[in-house]
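Participant:
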Amino acid sequence: MAELTQNEKRLLATLEKEKKADAPHLAGLLDATPEAVVQWAHLAQDRGLATVERVVAKEFAYTGEGKVYLKEGLPETQLLEKIGPGTTLADIQKLESFRIGFGQLRKKGLVKVEGTSIVKTTGASTEAYEYALKNPSATDTATTDIVKRGLLSEVETVRYIIWITPEGLASVQEGLDLRKETGTLTREQIISGEWKDLNLRKYDVTKLPKKAYPGKVHPYQRIIAEMREILLEMGFEELYGGIVQQSFWNFDALFQPQDHPAREMQDTFYLRETLPLPEGYEKVKAMHISGGNTSSTGWGGVWKEEKAEQCVLRTHTTSVSIQHLANNPNPPIKAFCIGRVYRRETIDTTHLAEFEQLEGVVMDEGVTFGNLLGILREFYHRMGFTGVRFKPSYYPYTEPSLDAEVYVEGLGWIEMGGAGVFREEVTAPLGINYPVLAWGLGVSRIAMLRLGLKDLRYLHQSDIAFLRETPILRITKDGV
19 MAELTQNEKR
29 LLATLEKEKK
39 ADAPHLAGLL
49 DATPEAVVQW
59 AHLAQDRGLA
69 TVERVVAKEF
79 AYTGEGKVYL
89 KEGLPETQLL
99 EKIGPGTTLA
109 DIQKLESFRI
119 GFGQLRKKGL
129 VKVEGTSIVK
139 TTGASTEAYE
149 YALKNPSATD
159 TATTDIVKRG
169 LLSEVETVRY
179 IIWITPEGLA
189 SVQEGLDLRK
199 ETGTLTREQI
209 ISGEWKDLNL
219 RKYDVTKLPK
229 KAYPGKVHPY
239 QRIIAEMREI
249 LLEMGFEELY
259 GGIVQQSFWN
269 FDALFQPQDH
279 PAREMQDTFY
289 LRETLPLPEG
299 YEKVKAMHIS
309 GGNTSSTGWG
319 GVWKEEKAEQ
329 CVLRTHTTSV
339 SIQHLANNPN
349 PPIKAFCIGR
359 VYRRETIDTT
369 HLAEFEQLEG
379 VVMDEGVTFG
389 NLLGILREFY
399 HRMGFTGVRF
409 KPSYYPYTEP
419 SLDAEVYVEG
429 LGWIEMGGAG
439 VFREEVTAPL
449 GINYPVLAWG
459 LGVSRIAMLR
469 LGLKDLRYLH
479 QSDIAFLRET
489 PILRITKDGV
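Counting from 19, one number per residue, gives the positions in the sequence shown under the numbering used here.
#1: On the premise that F354 lies in contact with L249, defined as a C-beta separation below 8 Å, what is that separation, rounded to the nearest angstrom?
#2: Taking 9 Å as the threshold (C-beta atoms), are E374 and V444 in contact?
#3: Could you work out which residue in L376, Y413, E114, L370 is closest to E247 when comparing CA atoms only?
#4: Which value, in whole angstroms, describes the spacing of the CA atoms of A59 and L218?
#5: Which one of I180, T105, Y80, E172 has the shortest CA to CA distance from L44?
#6: For a test of the three-state rule: what should DSSP assign to A503, helix, strand or coil?
#7: Figure out for me which residue from T32, G46, L61, P42 has the closest Cα to the Cα of A23.
#8: Could you compute how far the alpha carbon of L293 sits from the alpha carbon of L331?
#9: Would you check if the distance between the CB atom of L467 and the CB atom of V424 is smaller than 9 Å?
#10: Taking the DSSP output, what are the residues bridged to G378?
#11: Counting Cβ pairs closer than 8 Å, one from the segment 267-276 and one from the segment 333-342, do we hit at least three?
#12: Report yes if the C-beta distance between Q263 and K325 is below 9 Å; otherwise report no.
#13: Report yes if the CB atom of V379 is closer than 9 Å to the CB atom of I351, and no otherwise.
#14: Considering only the alpha carbon of each residue, which of E21, A31, L448, P418 lies closest to T224?
#15: Leaving out five residues on either side along the sequence, give the residues of the same chain with a beta carbon under 8 Å from the beta carbon of E90.
#16: For L459 and I482, I'd like the C-alpha separation in whole angstroms.
#17: Starting from Y360, follow its DSSP beta bridges and name the residues at the other end.
#18: Can you tell me whether D40 is helix, strand or coil according to DSSP?
#19: DSSP three-state call for G435: helix, strand or coil?
#20: Tell me which same chain residues have a C-beta within less than 8 Å of the C-beta of K76, skipping the five on either side of it?
#21: Are the segment 47-57 and the segment 152-167 touching by the rule of at least three beta carbon pairs closer than 8 Å?
#22: On the CB-based measure, 16 or more other CB atoms within 10 Å of its CB, does R281 come out buried or exposed?
#23: Return the chain-ordered ranges of every alpha helix (DSSP H) run that is complete within the segment 282-348 and spans a minimum of 4 residues.
#24: Here's the rule: buried if 16 or more other CB atoms are within 10 angstroms of the residue's CB, otherwise exposed. What is G193?
#25: Taking the straight line between their C-alpha atoms, what separation do you get for W431 and K229?
#26: Since I believe D382 is in contact with P347 (beta carbons under 8 Å), could you give me their beta-carbon distance rounded to a whole number of angstroms?
#27: Out of G201, D158, H306, L471, point me to the one whose CA is closest to L429's CA.
#28: So if DSSP puts T69 in a beta bridge, which residue, or which two residues, is it bridged to?
#29: Can you give me the Cβ contacts of T105 inside the same chain, cut-off strictly under 6 Å, excluding the 5 residues immediately before and after it?
#30: Going straight from the alpha carbon of G436 to that of P154, what length do you get?
#31: Please go through the same chain and pick out, in chain order, the residues whose beta-carbon is closer than 6 Å to the beta-carbon of M401, but skip the five residues on each side of it.
#32: Does the Cβ-Cβ distance between N25 and A41 come in under 9 Å?
#33: Which same chain residues, not among the five before or five after V426, have their C-beta less than 6 Å away from its C-beta?
#34: Helix, strand or coil: how does DSSP classify T162 here?
#35: Based on Cα-Cα distance, which residue from E442, D285, V70 lies nearest to R177?
#36: Would you kindly work out how many angstroms separate the C-alpha atoms of E256 and K220, rounded to a whole number?
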């Protein structure tokens, strides 16, 4: 058997006398903390010299409201005592206990309303609930009701009971060296030779050390930072913008018609605030109605200034990119934006009402659809996806348009986002005379694939085990 540590020896010597005790009691005898005693006991248990039993118990603690009712009685009890023959609803509505008590009495079926009168049901009593409040029990349904009402809170307590085994008793009887151990030698002890007479602590080099959990950046934020670094290395500049955007920039400037389904309340978070339209908005209005001075015929119909002035929580980061292009109509432009966007989605494993989007634009003389494919392919390769393909698609403000897909082992081809070349209806009203490549990618979808998640909500939950076990991503010359 491997050499016992000094603390294991002290614990076994104490257990020889105590036989069986809980950790706090042993900690008092050993002048240590209960946590340290449990750790020593587990080491001894690994050697078969002691046994550690973890005892979990549920206890109940009174909340502030619960303490009041413990003294004065439950509101339904107070109210029930006031109800007698001929009592009307008006009589008891004046009582302080009515607001809570009447609802509880109706819920428990202890009273019924007959016209303007309140009548107790046969055998109406709140004794079971009063008893549960005074003597809570984990197996009692009345106690469960009291807990749900927030009058009691459940507190889980953990105790460790430790006792010595026959093998441990035998090792104590054989004799234990309880002399103080020296774990670290000083310079003087080494020079003087004093170390030869010291009881040196022995170390088991085969034992794994206690697992350490250092602080680290959230895995989702690490992936976002990695995307940002890749695009900066590719020569892009980063754009920033507010999450509150005017409908004009979020929809109208992108040639999305004012009666488009995506602009309805079911898909967009509209705000009460409005903002005045920017100078030159009339060109965008003309584009929607008739196509302006281009070959387009526009959408026709009616275009309302008040609808364009209304503010929304941005539904995409393209609203930031299009404003940057409007303020900088001359090439070259090579920019991206990573930010949170908001849509009225039903929350499930693959949808959230708020999520991150990566938006990018490239404007220059002579850039083509082929350049767009090359940029996307390079980005995904640097993110660790070797299989990338594209398929035709439709988006309101790009033509031609595409969907980018990556291949994931075991899952097949996964769609990652859309891209295309801005339509003339988008660029012409803003005075942009050069081709603009644009794309929008789902950041959370990439994160799910990289982290092996099946539920998008894990990216935002405070799951300590998930955060601890997710490895830190390291960039090397061979990739991630």
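Yeah, the Cβ is synthetic: ideal placement off N, Cα and C, and Gly gets one too.
Facilitator: The structure says:
#1: 5 Å
#2: no
#3: L376
#4: 22 Å
#5: I180
#6: Nothing about residue 503 can be reported from this structure: the residues present for the chain run from 19 to 498 only.
#7: In the sequence on display, residue 23 carries Thr and not Ala. Of T32, G46, L61, P42, the residue nearest in Cα terms is L61.
#8: 13 Å
#9: yes
#10: F354, W457
#11: yes
#12: no
#13: yes
#14: E21
#15: Q96
#16: 28 Å
#17: E372
#18: strand
#19: strand
#20: A156, E172, V173, E174, T175
#21: no
#22: buried
#23: 299-308, 323-327, 336-345
#24: exposed
#25: 38 Å
#26: Their Cβ separation, rounded to whole angstroms, is 12 Å, which puts P347 and D382 out of contact at 8 Å.
#27: L471
#28: W181
#29: I136
#30: 58 Å
#31: none
#32: no
#33: I432, L467
#34: helix
#35: V70
#36: 57 Å
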